[in-house]
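Undergrad:
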Amino acid sequence: MSAYVSLSKTLLAILKMLREKAKPEFVYVAPISQSELASKLGVTRQALNMHLRKLAKMGLARSGRGFIEITEKGLAVLGEYSKPAFVLISVEPTHRTEVYETVKKMGVVRVSRLSGDVDLMVEVSGSDIPQFLGEVSKLPGVKQTKTYFVLETLK
190 MSAYVSLSKT
200 LLAILKMLRE
210 KAKPEFVYVA
220 PISQSELASK
230 LGVTRQALNM
240 HLRKLAKMGL
250 ARSGRGFIEI
260 TEKGLAVLGE
270 YSKPAFVLIS
280 VEPTHRTEVY
290 ETVKKMGVVR
300 VSRLSGDVDL
310 MVEVSGSDIP
320 QFLGEVSKLP
330 GVKQTKTYFV
340 LETLK
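The sequence shown begins at 190 in this note's numbering and counts up by one.
1. What does the alpha-carbon distance come out to for the pair Met190 and Lys229?
2. Following the continuous beta strand (DSSP E) through Glu258, name the residue where it begins and the one where it ends.
3. Near Tyr217, which residues of its chain fall below 6 Å by C-beta distance, leaving aside the five closest residues on each side in sequence?
4. Please list the terminal residues of the continuous alpha helix (DSSP H) segment that includes Pro273.
5. Look at the alpha carbon of Thr291 and the alpha carbon of Leu200, and state the distance between them as a whole number of angstroms.
6. Sort out for me which residues DSSP pairs Ser301 with in a bridge.
7. Using beta-carbon positions only, say whether Ile257 and Thr334 come within less than 8 Å of one another.
8. With a threshold of 8 Å, are at least 3 pairs of Cβ atoms found where one atom belongs to the region 234 to 245 and the other to the region 270 to 284?
9. Round the Cβ separation of Val297 and Phe321 to the nearest angstrom and send it over; I've been treating them as touching at under 8 Å.
10. Would Gly268 be called buried (16 or more neighbouring beta carbons within 10 Å of its own) or exposed?
11. How close, in whole Å, do the beta carbons of Ser252 and Gly315 come, if the pair is a contact with beta carbons under 8 Å?
12. For Leu226, which residues in the same chain have their Cβ closer than 8 Å to its Cβ, ignoring the five residues on either side in sequence?
13. Along the beta strand (DSSP E) that carries Lys335, what are the first and last residues, could you check?
14. How far does the beta strand (DSSP E) with Ser252 in it extend, from its first residue to its last?
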């Protein structure tokens, strides 16, 4: 059990069972309150809530107290490839630090340093790949990139 949280046996059992039953899903969490979103759209919070329920019923979004998420299906409706892609990047040793720092600031999902002949593995939203590769290829010291798109998450 994590050192950060102390859980009862029941709470831990619930989490374990949920984890066993859970399937990985790619979602975008919108850091905006329903009140703020309603205001920006020029509708009442009640009207927004009705629209969010419709989106939820269609499987395009989920919302609750304090969160609004766009699902994979919702991203597909927007024409975005919702599954992630992994980009493996090889970097000249003398440029590693600056490339690492630049890539971390590029709005990617995750950046991991690797051992072996590849220096970085970067997880990027599939629809962001063209822009990401365009920016990375211009960085001094980047020797090679290889991109792999996720077709299906099995577990």
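Quick reminder that beta carbons are idealized off the backbone N, C-alpha and C, glycines included.
TA: The structure says:
1. In the sequence shown, counting from the first residue as 1, residue 190 sits at position 1. In the sequence shown, counting from the first residue as 1, residue 229 sits at position 40. Per-residue confidence for Met190 stands at a pLDDT of 45, beneath the threshold of 50, marking its modelled position as unreliable; the derived number appears in the next sentence. Distance between the alpha carbons of Met190 and Lys229 is about 42 Å.
2. For the purposes of this step, residue 258 is identified with residue 69 of the sequence shown, where counting begins at 1. Run containing Glu258: Phe256 to Ile259, per the beta strand (DSSP E) assignment.
3. Taking the sequence shown and counting its residues from 1, the one referred to as residue 217 is at position 28. Contacts found: Ile259.
4. Locating residue 273 in the sequence shown gives position 84, counting from the first residue. Pro273 -> not in any alpha helix (DSSP H); beta strand (DSSP E) instead, spanning Pro273 to Val280.
5. To locate residue 291, count along the sequence shown from 1; it is residue 102. To locate residue 200, count along the sequence shown from 1; it is residue 11. Their Cα atoms are separated by approximately 40 Å.
6. Taking the first residue of the sequence shown as position 1, residue 301 is located at position 112. Looking at the DSSP assignment, Ser301 forms a beta bridge with Met310.
7. For the purposes of this step, residue 257 is identified with residue 68 of the sequence shown, where counting begins at 1. For the purposes of this step, residue 334 is identified with residue 145 of the sequence shown, where counting begins at 1. Not a contact, by the Cβ cut-off of 8 Å.
8. no
9. Position 108 of the sequence shown, counting from 1, holds the residue named residue 297. Position 132 of the sequence shown, counting from 1, holds the residue named residue 321. Contact holds; Cβ gap of about 7 Å.
10. For the purposes of this step, residue 268 is identified with residue 79 of the sequence shown, where counting begins at 1. Classification of Gly268: exposed, given that the 10 Å Cβ count is below 16.
11. The residue you call residue 252 lines up with position 63 of the sequence shown. The residue you call residue 315 lines up with position 126 of the sequence shown. With 8 Å as the limit, Ser252 and Gly315 do not qualify as a contact, their Cβ atoms being about 24 Å apart.
12. Within the sequence shown, the letter at position 37 stands for residue 226. Around Leu226: Ala219, Leu237 and Ile257.
13. Along the sequence shown, read from residue 1 onward, the residue named residue 335 stands at position 146. Lys335 -> beta strand (DSSP E) spans Val331 to Phe338.
14. Within the sequence shown, residue 252 is the residue found at index 63, counting from 1. From DSSP, the beta strand (DSSP E) with Ser252 extends over Ala250 to Gly253.
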